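K.L.:
Next up is a structure, given as structure tokens.
Numbering (the numbering used here), first residue to last: 145 to 215.
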């Protein structure tokens, strides 16, 4: 299991948190996704492969202005 952490911009409420977690869990290989809304941090646990570009694209396609940056 590997952990990756992102800074997330564009979150405004608990619905944003839930939506981002749901989208992250839809990425193949993701086992766990947790957003800390106060810190604007997303932590993802995944298997051998995680496609960061695909995940970023999925968030952009929501049209809510979410952006991620690896930290």
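From the three backbone atoms N, C-alpha and C, an ideal C-beta is built for every residue, glycine too. No experiment lies behind these values; they were computed from the predicted model shown.
Among the candidates 150, 160 and 146, whose CA atom is the shortest distance from the CA of residue 209?
P.N.:
Here the closest residue by C-alpha is 160.
K.L.:
Would the beta-carbon of residue 187 fall within 8 Å of that of residue 149?
P.N.:
Yes.
K.L.:
Select from 174, 180, 176 and 164 the residue whose C-alpha is nearest the C-alpha of residue 205.
P.N.:
Of 174, 180, 176 and 164, the residue nearest in Cα terms is 164.
K.L.:
Is DSSP giving residue 215 helix, strand or coil here?
P.N.:
Three-state result, residue 215: coil.
K.L.:
Under the rule that 16 or more other beta-carbon atoms within 10 Å means buried, what is residue 174, buried or exposed?
P.N.:
So residue 174 counts as buried.
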